[in-house]
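Student: Read left to right, the sequence shown gives residues -16 to 125 (our numbering). We put the CB at the ideal spot given by N, CA and C, even for glycine. Input: one structure, supplied below.
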Amino acid sequence: MSLTIAYDPGNIFAKIIAGDIPCARVYEDDRVISFMDAFPQSKGHTLVVPKVPVCNLFDIADDDLANLIVQTRRIARAVREALAPDGLRLIQFNGEAAGQTVFHLHMHILPIWTDQPLARHGGGMADMEVLKATAARIADKL
Ligand code: 5GP
């Protein structure tokens, strides 16, 4: 699978955007949706997803990308305020070879605590009620 692939409208994030499958939502407007990663690498692992149907960084229009990064920082600030991590990574994968597993562009907000190792990318599934409680704490700071 290369970096120039056709967008699959049946991908999991398209289904979340459409409201067809549940998520622990942090924020939503007409351009982005943010929710907890179901297989978190750390507590508070949050995704920010533009609603435009694009596979990766190379496919999104400048204006939508600008909005995405501004919203990502806004939500990252709320994560910082809610959870007080020691550090925070923003991660974004392009292409299967780079580790992308869902082919709808998204930003990872990954809080880091110095004494807590990260779980592996796409590891164990978290409890939905726990994710919803964390999402509510973050949303409260928006
Ligand atoms: P990627 O590897 O494409 O950058 O990241 C996709 C992310 O989506 C992974 O971190 C994975 O844990 C997460 N993910 C996969 N399926 C689901 C799902 O059904 N719901 C949620 N909330 N996250 C998912």
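Which residues does DSSP list as the beta-bridge partners of residue 112?
Tutor: Bridge partners of residue 112: none, in fact.
Student: Would you mind working out which of -11, 54, 72 and -10 sits nearest residue 129, comparing C-alpha positions?
Tutor: Nothing can be reported for residue 129, as the shown portion of the chain is limited to -16 through 125.
Student: From the DSSP output, which residues share a beta bridge with residue 29?
Tutor: Answer by DSSP bridge pairing, in chain order: 19 and 92.
Student: With residue 40 and residue 88 assumed to form a contact (beta carbons below 8 Å), what rounded beta-carbon distance in angstroms separates them?
Tutor: Rounded, the Cβ-Cβ distance is 6 Å, consistent with contact.
Student: Among 33, -14, -15 and -13, whose alpha-carbon lies nearest the alpha-carbon of residue -1?
Tutor: When only C-alpha atoms are compared, the closest one is 33.
Student: Quick check: the region 42 to 59 against the region 112 to 120, are there 3 or more CB pairs under 8 Å?
Tutor: At 8 Å Cβ cutoff, the stretches do not touch.
Student: If you drop the 5 nearest sequence neighbours on each side, which residues of the same chain put their C-beta closer than 7 Å to that of residue 62?
Tutor: Hits under 7 Å: 27, 29, 71, 92, 94 and 121.
Student: Determine the direct distance from the alpha carbon of residue 125 to that of residue 99, and round the result to whole angstroms.
Tutor: Between residue 99 and residue 125, the C-alpha separation is close to 26 Å.
Student: Given this structure, state the Cα-to-Cα distance separating residue 6 from residue 69, to the nearest angstrom.
Tutor: Going from the Cα of residue 6 to the Cα of residue 69 covers about 26 Å.
Student: Closest to residue 10 by C-alpha separation, out of 57, -12, -13 and 1, would be which residue?
Tutor: Residue 57 is the option with its Cα nearest to residue 10.
Student: The alpha helix (DSSP H) that contains residue 134, what's its start and end?
Tutor: Residue 134 lies beyond the range of the chain shown here (-16 to 125); nothing can be said about it.
Student: Tell me the rounded alpha-carbon separation between residue 106 and residue -13.
Tutor: About 27 Å.
Student: Can you tell me the Cα-Cα spacing of residue 15 and residue 31, whole angstroms?
Tutor: Looking at the two C-alpha atoms, the distance is approximately 7 Å.
Student: Where residue -9 and residue 67 are concerned, what is the direct C-alpha to C-alpha distance, given to the nearest angstrom?
Tutor: Their Cα atoms are separated by approximately 37 Å.
Student: Taking 8 Å as the threshold (C-beta atoms), are residue 108 and residue 21 in contact?
Tutor: Against a cut-off of 8 Å, the Cβ pair of residue 108 and residue 21 comes out as a contact.
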